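Notes for the one structure printed next.
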Amino acid sequence: MHPDGTDSRPGTGAAPAGTDWDTRPETPGSAADAAAIRAITLAAFPTAEEAGIVEALRADADAWIDGLSLLARTPDGTPVGYALLTRCHVDGHPALTLGPCAVLPSHQRTGAGSAAVRAALDAARAQGEKLVLVLGHPEYYPRFGFARASRFGIRAPIEVPDEAMMALPLGPHAHPVPSGVIRWPAAFGI
């Protein structure tokens, strides 16, 4: 779910038999990747708001991190799913926010969204990131390890249901998780 409450739930469920989701990062500067991501987000949401958020985040050097914009593709290479992690902060400490996430309607509930999210989280771990936040469906994101952010003393700057604001510490548990108020990138309008 986007911080304004808009649904950003990627496809759920297992991939159909024989489906092997290939994931890869968005290629920096690739017009084809940007167009595919725009098409996915436009198809997945009722308005163009999320597509605009992705484009604004891509243009925000303080929020965008190369390698954390991930596509899920069919075996023939067609992009059908998307997950994005960008820089946010918790009480001044760097963290990541997950979203927008989207899947073409024709591929929802096939595992494409889960594949994109897992690939994004793996990429964040590989880059040494320590914390990911998501404002989303409390029935969906716990499968990736997310738990209520309030458990860590993390809260949104706006009123959101406690169960929808979630956090996922990455890496060893020796790293302290910062507590405080989330500051999302400007593109989210919060």
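Under the working numbering, read the sequence shown as residues 792 to 981, first letter to last. Cβ atoms here follow ideal geometry from the backbone N, Cα and C, with glycine treated the same way. Quantities reported herein were computed from a predicted structural model and do not represent experimental measurements.
In whole angstroms, give me the CA-to-CA distance for residue i and residue j.
i, j, result
"Asp913", "Pro960", "12 Å"
"Ala906", "Ile945", "27 Å"
"Arg939", "Pro948", "15 Å"
"Val972", "Tyr931", "23 Å"
"Leu833", "Ile844", "11 Å"
"Phe836", "Ala842", "9 Å"
"Thr818", "Thr838", "25 Å"
"Val951", "Ala825", "30 Å"
"Trp975", "Ile831", "23 Å"
"Asp811", "Gly902", "9 Å"
"Pro816", "Leu848", "15 Å"
Just to confirm my understanding: we take residue i, look at its own chain, exclude 5 residues before and 5 after, and list those with CB closer than 7 Å. What are they?
i, result
"His884", "Pro969"
"Glu920", "Leu887 and Leu961"
"Gly936", "Leu959"
"Ala955", "Met792, Leu926, Gly927 and Pro929"
Based on DSSP bridge pairs, tell me the residues matched to residue i.
i, result
"Ala874", "Leu861 and Cys892"
"Ile973", "Val881"
"Thr814", "Ala863"
Considering only residues of the same chain and omitting the five flanking positions on each side of residue i, which have a CB-CB separation below 6 Å?
i, result
"Asp813", "Arg864"
"Val881", "Ile945, Pro969, Gly971 and Ile973"
"Ala910", "Thr814 and Leu861"
Could you say which of the options lies nearest to residue i if we only look at CA atoms?
i, options, result
"Arg853", "Asp867, Val871 and Leu876", "Looking at the sequence itself, residue 853 is Asp, so the reference to Arg does not match. That would be Leu876, whose Cα lies nearest to the Cα of Asp853."
"Met957", "Gly980, Ala978, Leu922 and Pro963", "Leu922"
Just list the alpha helix (DSSP H) runs in the region 902 to 929, keeping only unbroken ones of 4 residues or longer that don't cross its boundaries, in chain order. Counting only runs that start and end inside the region 902 to 929, the alpha helix (DSSP H) elements of at least 4 residues fall at 903 to 917.
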